[in-house]
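Positions in the sequence shown are counted from 1; adding 1 to them yields my numbering.
Step one of this worksheet: look at the structure below.
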Amino acid sequence: MHKIQEHNIFMESTNQTLGEFIIENQEEFQYSSGELSRLINSIRLAAKVVNHEVNKAGLVDILGSIGSDNIQGEEQQKLDVFANDTFIRTLTNREIVCGIASEEEDSFINIKGLKKENENKYVVLIDPLDGSSNIDVNVSVGTIFSIYRRVTPIGTPVKEEDFLQPGNKQVAAGYIVYGTSTMLVYTTGHGVNGFTLNPAIGTYYLSHPNMKFPEDGYIYSVNQGNFSQFNEGVKKYIQYCQADEDNRPYTARYIGSLVSDFHRNMIKGGIYMYPSTKSNPNGKLRLLYECNPMAFIAEQAGGKASDGKTRILDIDPTELHQRVPFFCGSKKMVDKAEEFLKEE
Ligand code: P6P
Numbered sequence: 002m003h004k005i006q007e008h009n010i011f012m013e014s015t016n017q018t019l020g021e022f023i024i025e026n027q028e029e030f031q032y033s034s035g036e037l038s039r040l041i042n043s044i045r046l047a048a049k050v051v052n053h054e055v056n057k058a059g060l061v062d063i064l065g066s067i068g069s070d071n072i073q074g075e076e077q078q079k080l081d082v083f084a085n086d087t088f089i090r091t092l093t094n095r096e097i098v099c100g101i102a103s104e105e106e107d108s109f110i111n112i113k114g115l116k117k118e119n120e121n122k123y124v125v126l127i128d129p130l131d132g133s134s135n136i137d138v139n140v141s142v143g144t145i146f147s148i149y150r151r152v153t154p155i156g157t158p159v160k161e162e163d164f165l166q167p168g169n170k171q172v173a174a175g176y177i178v179y180g181t182s183t184m185l186v187y188t189t190g191h192g193v194n195g196f197t198l199n200p201a202i203g204t205y206y207l208s209h210p211n212m213k214f215p216e217d218g219y220i221y222s223v224n225q226g227n228f229s230q231f232n233e234g235v236k237k238y239i240q241y242c243q244a245d246e247d248n249r250p251y252t253a254r255y256i257g258s259l260v261s262d263f264h265r266n267m268i269k270g271g272i273y274m275y276p277s278t279k280s281n282p283n284g285k286l287r288l289l290y291e292c293n294p295m296a297f298i299a300e301q302a303g304g305k306a307s308d309g310k311t312r313i314l315d316i317d318p319t320e321l322h323q324r325v326p327f328f329c330g331s332k333k334m335v336d337k338a339e340e341f342l343k344e345e
């Protein structure tokens with residue numbers, strides 16, 4: 002019987018808070034100028050507001066769709082819209098970014114300065130509430146964000162090229178998982194750190210310093226219901242995981258919420274796959290605000306992320322909402338999956 006680790010409030014009060022961590026590590030960030038710190042702080046605030054609504058969604062009539070569809074043609078859940086509005090409003094009001102792109106917005110948003118033209122340097126791409134189809138069944142959902150420096154002149158309206166940058170140009174990326182506890186996990190290119198929210202006082206504490214993907218693992222996460230639609234290489238890799246020779250102890254775990262599956266696999270070891278299928282020939286996940294940020298985090302934690310052959314972070318984007326096949330997790334597992342795909 003696992004001894005349930007006591008939630009020691011004293012421990013938490015000695016654990017570093019997110020705010021202290023940001024200040025202590027600010028100089029590590031080559032463009033620090035405090036702007037990125039303020040950006041992470043505004044995401045922290047928006048996440049607390051969304052967390053509050055997600056946690057009470059079952060009580061308040063905020064469930065169910067508002068009848069409108071987003072550009073993905075997916076029915077928008079009310080909380081999707083709430084999360085999208087909350088993050089956009091928080092990032093806009095604090096005059097920290099010059100542009101935002103969101104899964105829930107058809108095109109990118111140019112943030113004009115409240116007084117003069119916007120002198121800020123960063124653009125944010127966000128999936129405000131990933132896995133939202135799980136909301137009504139009380140399964141964890143998440144927010145994913147990706148941050149770049151703009152490439153067009155500061156002080157001018159942002160352009161699409163500010164958002165269509167390869168993932169290897171990201172300056173920061175992270176996710177919030179609204180699970181049994183709410184965690185903010187992010188990187189600025191110096192490793193990955195996880196912070197757990199104490200909802201009683203609204204403070205995030207450094208609970209998972211220097212997170213690392215185990216080099217190998219025995220958890221594979223894929224929607225087996227699509228098996229007949231996968232190409233032969235993917236089928237062969239899944240059958241490799243299921244075979245019982247060499248008593249490989251693989252187990253299948255698929256929550257249907259990328260952030261939750263990724264987070265579990267990063268802690269325990271594992272691979273998440275969303276391959277191309279007949280209905281989604283380019284896979285289902287979006288390159289800019291799902292695959293790139295998760296790939297940046299995975300690599301910073303010693304893991305790997307590809308589309309089955311090309312490193313996700315090296316893919317040159319062509320459009321804001323483009324999709325790519327996604328294989329991400331423990332390096333040895335992604336290598337093995339790529340071997341099967343290469344044989345095909
Ligand atoms: P399927 C949620 O919609 C999402 O983008 C990811 O969070 C999740 O892993 C995947 O899609 C689930 O898709 O087709 O398996 O239901």
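Every residue, glycine too, gets a C-beta built ideally from N, C-alpha and C.
On a predicted model such as this, the values are computed, not experimentally measured, just so you know.
Which residues in the same chain as Ala-84 place their Cβ atom closer than 7 Å to its Cβ, once the five residues preceding and following it in sequence are excluded? Val-51, Pro-129, Leu-130, Thr-144
With a floor of 4 residues, list each alpha helix (DSSP H) that falls wholly inside the stretch 198-266, ordered by position along the chain. Counting whole runs of 4 or more residues, the stretch 198-266 contains the alpha helix (DSSP H) stretches 233-243.
Locate the alpha helix (DSSP H) running through Pro-294, then write down its first and last residues. 293-301
Please go through the same chain and pick out, in chain order, the residues whose beta-carbon is closer than 7 Å to the beta-carbon of Ile-155, but skip the five residues on each side of it. Cβ-Cβ distances below 7 Å link Ile-155 to Glu-120, Lys-122 in the same chain, with the five nearest sequence neighbours on each side left out; the list follows chain order.
Secondary structure of Phe-103, DSSP reduced to three states: Here the sequence assigns Ser to residue 103, which means Phe is not the residue at that position. It is a strand residue.
C-beta atoms of Gly-192 and Gln-301 nearer than 8 Å: yes
Across the stretch 130-141 and the stretch 248-260, are there enough close Cβ pairs to call them in contact, namely three or more that are closer than 8 Å? Yes: the two stretches touch, three or more of their Cβ pairs being nearer than 8 Å.
Identify, in the order they occur along the chain, each residue of the same chain with its Cβ nearer than 6 Å to the Cβ of Phe-22, setting aside the five sequence neighbours on each side. Within the same chain, Phe-22 has close Cβ partners Leu-207.
Classify Lys-4 as buried or exposed, calling it buried when 16 or more other Cβ atoms lie within 10 Å of its own Cβ. Model confidence at Lys-4 stands at a pLDDT of 48, short of 50, so the residue's coordinates are unreliable and nothing is read from them.
Could you tell me if Arg-90 is buried or exposed, where buried requires 16 or more neighbouring beta carbons within 10 angstroms of its beta carbon? exposed
Short Cβ contact (8 Å threshold) for Ile-136 with Val-172: no
Can you tell me where the alpha helix (DSSP H) with Asp-336 in it begins and where it stops? 332-344
Does the distance between the C-beta of Gly-132 and the nearest non-hydrogen atom of the ligand P6P fall short of 7 Å? At least one heavy atom of the ligand P6P lies closer than 7 Å to the C-beta of Gly-132.
CA-to-CA distance, Ile-268 to Ile-110, given in whole angstroms: Rounded to the nearest whole angstrom, the CA to CA distance from Ile-110 to Ile-268 is 35 Å.
Is it right to say Gly-271 is buried, meaning 16 or more other beta carbons lie within 10 angstroms of its own, or is it exposed? buried
Whole angstroms are fine: how far does the CA of Tyr-238 sit from the CA of Gln-230? 14 Å
Measuring straight from C-alpha to C-alpha, what distance separates Ser-242 and Glu-28? Note that residue 242 is Cys in the sequence shown here, rather than Ser. Near 44 Å, if we compare the C-alpha coordinates of Glu-28 and Cys-242.
Excluding sequence positions up to five away, which residues of its chain have a Cβ less than 7 Å from the Cβ of Asp-107? These residues qualify, in order along the chain: Ile-72.
Can you find at least 3 beta carbon pairs, one from the stretch 152-166 and one from the stretch 178-188, that sit closer than 8 Å? no
So if DSSP puts Thr-144 in a beta bridge, which residue, or which two residues, is it bridged to? Ile-177
Can you round the beta-carbon distance between Lys-310 and Leu-286 to whole angstroms, since I take them to be within the 8 Å contact cut? About 16 Å separates the two Cβ atoms, so there is no contact after all.
Cutting at 6 Å between CB atoms, please list the residues of its own chain near Thr-306, excluding the five before and the five after it. Note on residue identity: the sequence assigns Ala, not Thr, to residue 306. Same-chain partners within the cutoff: Ala-296, Ala-299, Ile-313, Cys-329.
How would you call Ile-24, buried or exposed, if buried means at least 16 neighbouring beta carbons within 10 angstroms? exposed
Please check if any C-beta of chain B sits within less than 8 Å of the C-beta of Lys-343. The chain inventory of the structure shown lacks chain B, comprising one protein chain alone.
Range covered by the alpha helix (DSSP H) that runs through Lys-310: From DSSP, Lys-310 is part of no alpha helix (DSSP H); its letter is neither H nor E.
Which value, in whole angstroms, describes the spacing of the CA atoms of Lys-57 and Leu-80? When rounded, the separation of the alpha-carbon atoms in Lys-57 and Leu-80 is 11 Å.
Is the stretch 323-339 in contact with the stretch 218-236, if contact means three or more CB pairs nearer than 8 Å? As far as the Cβ criterion goes, the stretch 323-339 touches the stretch 218-236, which means the pair count is three or higher.
Residue from His-322, Gly-234, Asn-42 with nearest C-alpha to Leu-92: Among His-322, Gly-234, Asn-42, the Cα nearest to that of Leu-92 is on Asn-42.
Please state the DSSP three-state secondary structure of Lys-170. helix
Could you pull the start and end residues of the beta strand (DSSP E) that Ile-41 belongs to? Counting along the chain, Ile-41 falls outside any beta strand (DSSP E), though it belongs to the alpha helix (DSSP H) covering 36-57.
Answer yes or no: do Arg-95 and Val-124 have a C-beta to C-beta separation smaller than 8 Å? No, the pair does not count as a contact, with Cβ atoms beyond the cut-off.
Any heavy atom of the ligand P6P inside 7 Å of the beta-carbon of Asp-262? yes
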